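Position one of the sequence shown corresponds to residue 229 (the working numbering), numbered consecutively onward. Structure, as structure tokens:
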Amino acid sequence: MDRYPPIAEHGLVGDLQTAALVSSEGVVDWFAAPRFDSPSIFAALLDHDGGGYFQLAPDHPEASCKQLYYPDTAILVTRFMSPDGVGEVIDFMPPDQTRTPSDRHTLVRAVRAVRGTVDFTLDCRPRFDYGRAEHQLELDGDSAVFRAPQIDAHLQATFPLERDGQDVRGKVTLRAGESGGAVLTVCASGGEAPAPPTAEEITAQLWEVAGFWQNWLRQSRYRGRWPELVHRSVITLKLLTYAPTGALVAAATTGLPEQVGGERNWDYRFTWVRDGALSVRAMLDLGFVEEATAFIHWLVDRLRDREGKDGEPLQTMYRVDGDPDLPEETLDHFEGYRGSAPVRIGNGAADQLQLDIYGEALYALSQGHEVAQQATYPGWKRLAKTLDWLAEAWDRPDEGIWETRGGRKDFTYSRLMSWVAFDQGLRLAERFRKPADLERWRESRDAVFEQIMKRGWSEREHSFVQHYDGDVLDASLLLMPRVGFVSPRDPAWLSTLDAMDRKLVSDSLVYRYDPAASPDGLRGSEGTFSLCTFLYVDALARAGRLPQARYTFEKMQTYANHVGLFAEEVGPSGEQLGNFPQAFTHLSLIMAATTLDRALDEEQGR
């Protein structure tokens, strides 16, 4: 077992309320329950010795492995090849289709021998509450229960288990055609133990879960050039969505570094208004109206929660149930992924002022009649009041989209999205004949536009720049043509693209900005940002630079991991860095693919 396998050497399984990472060695080294943002049960990815893990793999020193998803599903197959035979571990979590919050979640690990004879070994070592809580083991043959404060974990196998301190081990030998498995069920303390599974029941449940995912994916109306890549991305977005509320978490993990050994290690298991709002567009592009609508309802609920209170109408992020309290703390007892400390839980950026989120929220709401028509009159009044507030607040310095901790600045992207908020608010009011202070919104929109053109442009770089006090470029501005602020073939925009190509692009990969030129209050460096690379593809396609757009998009595919997943960044050696998998990367991939498909179709006269 690799102490710290590469971040990319994992697949994701989930039940639409939480998720687990499974390494290509058959190790569950990240799992939190009962929700994405709950304390971990397995966290060996953040501390090999103290984090806990659940390994199920062949006991053969010469076994090699290959990991894949069963087509069009979230069922992960880890195949092991050895001189004695070929075995598979099949991981999945049955989706909770009731869509109500549950404290009961099940991880199924099916095993089978495909050829020859395979000896499988199980090693289950949970470490509750990020390794801070002790547990007691109760063992009876092929069933075990780990009891910790407020939570139990039941492990039941189709083969005998044995005690190893407060942990368990087990072995089973399977011959070609034979199968079995182990099922881990977590629940509140004292919860009812599940019935012991049989191999036949595990197999039946496997096909039931496969049917769920394949039936869900049939809604997709994507008919473009990259169906496997796009559909894997939308399944990943679904896996990262908390079904009871429709809230999308930014990633399944916390603490994975943007630079190995560095301090840029954040908790991404929360719902950013920005990420969720942009996912609405990606979901609508593919035909998933229900998911898009669910997030809009969640967003309107956040506005309702702030009704009658002072301060900003929205904060940058929330817990999946809408709780705004995300205190940031450090897990000092965890060494971090390959020594990347500190490991943080919670996120202090929730309290930052990031004015761009209002533009993304309005942009999402205005994208489709199916979503916009859901807005009730009280909902509209909240949106109108939000824009009235923004008319007073848009000209304030803020922390910006990248959540820098180097002080507030007049970020161009924040102004850009304020312009979007007013522009889309005006469109919605006129389209649906809703009451609003249209003149005030129009004056604000035009004032933002004039300010960006005068102060957000650098004559030195011949480019739009990150903030008004310098000449630093910023890849977030790649959204300018998509949101309609500039024509995609405007000379000023083409000049900006050229400048970004010179300063931010490295062999088709794109950096967010240059931290050396624009100090962000943190030590160390980072890799290229995969979100920005896909935004670059989108901008190139809109500008008519199709050969370059297609080359960049298809080269970026080579940086996906073995099952089509992306983390946040690509490091200097091509390794994936940051929390994994990242929703922002996958939703921007969908946006880039659909834009590029349309542009190529138009070029080819389709």
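Every residue gets a Cβ at the ideal spot worked out from N, C-alpha and C, and that includes glycine. Keep in mind the model is a prediction, meaning the values are calculated, not measured.
Are residue i and residue j touching if we call contact CB-CB under 8 angstroms?
i	j	result
L527	V488	no
S461	I680	no
L207	C415	This structure does not reach residue 207, given that the chain is present from 229 up to 834, and the question cannot be answered.
Y281	G239	no
L531	P541	yes
F440	P299	no
A577	E519	no
I235	Q776	no
T401	P425	no
L284	L335	no
G587	A675	no
R332	T413	yes
L273	Y565	yes
E689	A727	yes
V437	I303	yes
P709	A767	yes
L656	L666	no
V458	A421	no
F523	Q447	no
Report the rounded CA-to-CA distance for residue i versus residue j, giving the unit in angstroms.
i	j	result
V255	Y546	30 angstroms
Q378	R778	52 angstroms
E429	V305	18 angstroms
N807	P606	37 angstroms
L249	T604	39 angstroms
G409	W494	35 angstroms
E237	D699	38 angstroms
T246	D513	25 angstroms
T431	W608	49 angstroms
E491	E796	15 angstroms
A703	S371	53 angstroms
V411	M511	32 angstroms
L618	T813	28 angstroms
L559	D257	17 angstroms
S594	D651	10 angstroms
L722	R668	32 angstroms
M309	S252	12 angstroms
R263	I269	11 angstroms
A381	G418	10 angstroms
P289	V339	18 angstroms
F206	I629	Here the chain covers residues 229 to 834 and nothing more, so residue 206 does not appear.
L828	E557	48 angstroms
L575	T544	It is worth fixing the name first, because residue 575 is Asn in this sequence and not Leu. Rounded to whole angstroms, N575 to T544 spans 10 angstroms at the Cα level.
P570	F757	21 angstroms
L763	S736	12 angstroms
P455	V317	26 angstroms
Note the first and the last residue of the continuous beta strand (DSSP E) segment covering residue i.
i	result
W630	From DSSP, W630 is part of no beta strand (DSSP E); its letter is neither H nor E.
R353	333 to 353
I379	379 to 385
E402	The amino acid occupying residue 402 in the given sequence is Leu; Glu does not appear at that position. Counting along the chain, the beta strand (DSSP E) containing L402 begins and ends at 395 to 403.
I235	From DSSP, I235 is part of no beta strand (DSSP E); its letter is neither H nor E.
D651	Here D651 belongs to no beta strand (DSSP E); instead the alpha helix (DSSP H) covers 640 to 659.
P286	281 to 286
T604	Unbroken run through T604: none, as it is neither H nor E.
Span of the alpha helix (DSSP H) holding residue i?
i	result
P422	Note, P422: premise wrong, no alpha helix (DSSP H); not H, not E.
H238	Looking at the DSSP string, H238 is not in any alpha helix (DSSP H); the run it does join, the beta strand (DSSP E), is 238 to 242.
G504	501 to 514
L853	Because the chain is modelled from 229 through 834, residue 853 falls outside the range shown and cannot be assessed.
T823	811 to 831
G536	Neither: G536 is in no alpha helix (DSSP H) and is coded neither H nor E.
A478	Premise fails: A478 is in no alpha helix (DSSP H) and is neither H nor E.
I463	455 to 467
T761	758 to 770
Give the C-beta separation of residue i and residue j to the nearest angstrom, bearing in mind that I take them to be a contact with Cβ-Cβ under 8 angstroms.
i	j	result
A475	T499	4 angstroms
T482	R572	7 angstroms
R453	D825	6 angstroms
L705	T761	Actually they do not touch by this definition, with Cβ atoms about 15 angstroms apart.
P625	P472	No, P625 and P472 are not in contact; Cβ-Cβ is about 37 angstroms, not under 8 angstroms.
R773	T823	Contact flag wrong, Cβ pair sits at about 12 angstroms.
F348	D287	7 angstroms
D503	A811	6 angstroms
A404	A341	5 angstroms
D697	D638	7 angstroms
A621	L583	7 angstroms
Is the Cβ of residue i closer than 8 angstroms to any Cβ of chain C?
i	result
L554	The structure shown contains no chain C; it is built from a single protein chain.
_Assess contact between the stretch 656 to 670 and the stretch 679 to 695, defined as three or more Cβ pairs (one per stretch) separated by less than 8 angstroms. Is contact present?_
no
*Is the stretch 360 to 371 touching the stretch 392 to 401, taking contact as three or more C-beta pairs under 8 angstroms?*
yes
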